[in-house]
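To keep things clear, I will list the structure first and then write my remarks on it.
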Amino acid sequence: MFSNLHEELEANDLVQEIVDNLRAEIEHKLNMNFQIYRAISYKTQTVRGTNYFIKLKISGFSNNSNDSNQLASNNQPVKFIHIRVWRDLPVNNFKLTLYPEIQLNKLASDPIDYFE
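Going letter by letter, the sequence shown gives residues 6 to 121 in my numbering.
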């Protein structure tokens with residue numbers, strides 16, 4: 006497995022901007038409306054652009070009120086998820102691509118590891 010991730014860093018304005026640009030897509034994938042949506046930390050990997058592995062703090066409501074496996078219930082517990090985003094090179098206007106896998110049920114203390 007090829008990983009070569011850089012050290013984990015506290016999320017900065019650029020990382021928050023990246024996740025803000027993908028918020029609607031992530032809400033749709035998780036079938037949620039977020040009340041809290043904040044990048045906490047990240048690791049990067051340079052590969053003809055940059056892969057960002059990002060820990061997000063989220064809370065919100067499921068869009069399916071009949072779903073017994075809601076990621077967040079009516080009392081909106083805080084959850085952590087890990088996402089992977091590829092940010093293209095400047096020549097391609099830094100296009101963002103969210104990878105399909107979103108790692109759910111993470112803890113604040115869980116390290117960010119490489120994943121496909």
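Beta carbons: idealized from backbone N, C-alpha and C, even for Gly.
Check                                                                                                  : Outcome
Burial state of isoleucine 41, where buried means 16 or more other Cβ atoms lie within 10 Å            : exposed
As assigned by DSSP and simplified to three states, the class of alanine 77                            : In this predicted model, alanine 77 has a pLDDT of only 46, less than 50, meaning its place in the structure is not dependable; the value taken from the coordinates is given anyway. Coil.
Bounding residues of the beta strand (DSSP E) (the contiguous stretch that carries alanine 44)         : 37 to 51
Rounded straight-line distance, which links the Cα of leucine 10 to that of glutamine 50               : 5 Å
C-beta atoms of valine 90 and tyrosine 119 nearer than 8 Å                                             : no
N- and C-terminal bounds of the alpha helix (DSSP H) containing asparagine 122                         : Residue 122 is absent from the model: the chain starts at 6 and stops at 121.
Contacting residues, own chain, Cβ-Cβ under 8 Å from arginine 28 (five flanking each side not counted) : Phe39, Tyr42
Rounded straight-line distance, which links the Cα of isoleucine 63 to that of lysine 34               : 14 Å
Beta-carbon proximity of isoleucine 45 to arginine 92, cut-off 8 Å                                     : no
Between the CA atoms of glutamate 12 and glutamate 30 - distance to the nearest angstrom               : 27 Å
Supposed contact pair valine 83 and isoleucine 59 - C-beta distance, whole angstroms, cut 8 Å          : About 16 Å; that fails the 8 Å criterion.
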